[in-house]
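Q: Residue numbers (this note's numbering): 3 to 286.
Got a structure for you, written out below as C-alpha cells; questions coming shortly.
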C-alpha cells in the first residue's frame with residue numbers, strides 16, 4: 003500500500019544519503035553539505051517576482067541604452083537643437099537674449115584663448131588618432147574578431163563633424179560677436195571648435211573605457227573628458243569667439259552623434275563577445 007497520509011515522506015532504508023538534507027541544514031535535497039553549488043545556474047539569484055534572473059552579460063560595455071536612455075540622448079537634444087537653430091535663423095527672443103548674455107560675459111584675455119585652443123583640430127584630432135591606434139592594437143592583441151571596427155567607427159564619426167557643421171554654418175549664416183570684427187564673416191553657428199572637442203575627446207573616452215581597469219582610472223578619464231569639453235566652450239564664450247548659443251547648438255548635435263556611437267559600440271561589443279565567449283580578456 004502506498005502512503006496515503008498528508009505528512010512528509012519518511013526516509014526509507016535503501017535511500018542514498020546524498021538525497022537527504024544537507025549536513026548543515028542547507029535545505030537542498032540534492033546536496034550533502036553546505037558548499038555553494040558549482041554550476042553557474044545554481045548561483046543565479048531570483049528576480050523580485052521570484053523568477054530566475056538572466057545570466058549577466060559578458061564583461062564589456064553596458065548592454066543597451068534602454069528606452070528612456072534612447073529618448074533622452076536622441077529626442078531631447080534633437081528638439082533643443084531645432085529650437086536653438088530656429089531662434090538663431092529668425093533672430094528670435096532667445097537669440098537676442100543670447101547676444102545680451104555674450105556682451106555681459108566677454109573678457110578677451112589670453113587665458114581664454116588658450117582654453118579654446120583645445121578645440122582646434124590640430125590638437126583634438128591627434129589625441130583621438132593616438133587613442134584609435136592604441137585601441138586597435140589592444141583589440142588585435144586580444145584576438146578580437148573585427149578588431150578594427152570600433153576604431154574605424156570613431157574615425158568615421160570624427161570625419162563626419164565638418165560634413166555636418168560646415169553646411170549648417172552656411173545655412174544659418176550667423177555673424178560673430180563684436181569682438182571678432184566686421185570682417186569675421188557669417189559662419190559662427192554651430193561652433194566648430196566645440197563640435198571638434200566633444201566628438202574627439204568623447205569618442206576617445208568611449209573607446210578607452212572598456213580597456214581600463216579600476217574605478218580610479220575610469221573616473222580620471224571621465225573627469226579629463228568633462229574638463230576639456232567645459233574648458234573649450236568656456237574659453238570660446240569668454241574670449242568672444244562665439245555666442246553662447248553657438249556652443250549650445252554644438253553640444254546638442256554632438257550629444258546625438260556620441261549616443262549613436264555608444265549604441266553602435268555596445269552592439270559591436272556584444273556580438274564579438276558572443277562569438278568568443280572565453281577569449282575576451284581585454285575589456286572589463
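Note that CB positions come from ideal geometry on N, CA and C, so glycine has one too.
Going by C-alpha to C-alpha distance, which of 241, 187, 192, 229 sits closest to residue 207?
A: Nearest of 241, 187, 192, 229 to residue 207, Cα basis: 229.
Q: Apply the 10 Å Cβ neighbour rule to residue 100 and answer buried if 16 or more other Cβ atoms are within range, or exposed otherwise.
A: Classification of residue 100: buried, given that the 10 Å Cβ count is 16 or more.
Q: What's the gap between the Cα of residue 162 and the Cα of residue 175?
A: Distance between the alpha carbons of residue 162 and residue 175 is about 20 Å.
Q: May I ask which residues mark the beginning and end of the alpha helix (DSSP H) holding residue 188?
A: Where residue 188 is concerned, there is no enclosing alpha helix (DSSP H), given that its DSSP letter is neither H nor E.
Q: Just curious, the alpha helix (DSSP H) that residue 88 is in, first and last residue?
A: Start and end: 78 to 92.
Q: To the nearest angstrom, how far is it from the Cα of residue 217 to the Cα of residue 136?
A: C-alpha separation (whole angstroms): 20 Å.
Q: Let's test the definition: count the other Cβ atoms within 10 Å of the Cβ of residue 257 and tell me whether it reaches 16, buried, or not, exposed.
A: Under this definition residue 257 is a buried residue.
Q: Can you give me the C-alpha to C-alpha distance between residue 91 and residue 240, rounded to a whole angstrom?
A: Distance between the alpha carbons of residue 91 and residue 240 is about 23 Å.
Q: Is the distance from the Cβ of residue 236 to the Cβ of residue 117 below 8 Å?
A: Yes, they are a contact pair.
Q: Within 8 Å, do at least three Cβ pairs link the segment 244 to 261 to the segment 72 to 89?
A: With a cut-off of 8 Å, the segment 244 to 261 and the segment 72 to 89 count as touching, because enough Cβ pairs lie within range.
Q: Looking at the structure shown, is residue 216 part of a helix, part of a strand, or coil, going by DSSP?
A: Residue 216 falls in the coil class under three-state DSSP.
Q: DSSP three-state call for residue 135: helix, strand or coil?
A: Correct three-state label for residue 135: helix.
Q: Which same chain residues end up closer than 6 Å to residue 141 when comparing Cβ atoms and leaving out the 5 residues on each side of it in sequence?
A: If we look at residue 141 and ignore the five residues flanking it on each side, its Cβ neighbours are 149.
Q: Give me the Cα-Cα distance between residue 279 and residue 152, rounded to the nearest whole angstrom.
A: With a pLDDT of 45 at residue 279, under the threshold of 50, the predicted position of this residue should be treated as unreliable, though the coordinate-derived value follows. Each residue's alpha carbon lies about 19 Å from the other.
Q: For residue 158, count the other beta carbons within 10 Å of its own beta carbon; 16 or more makes it buried, fewer makes it exposed. Which is it?
A: It is exposed - the Cβ of residue 158 has fewer than 16 other Cβ atoms within 10 Å.
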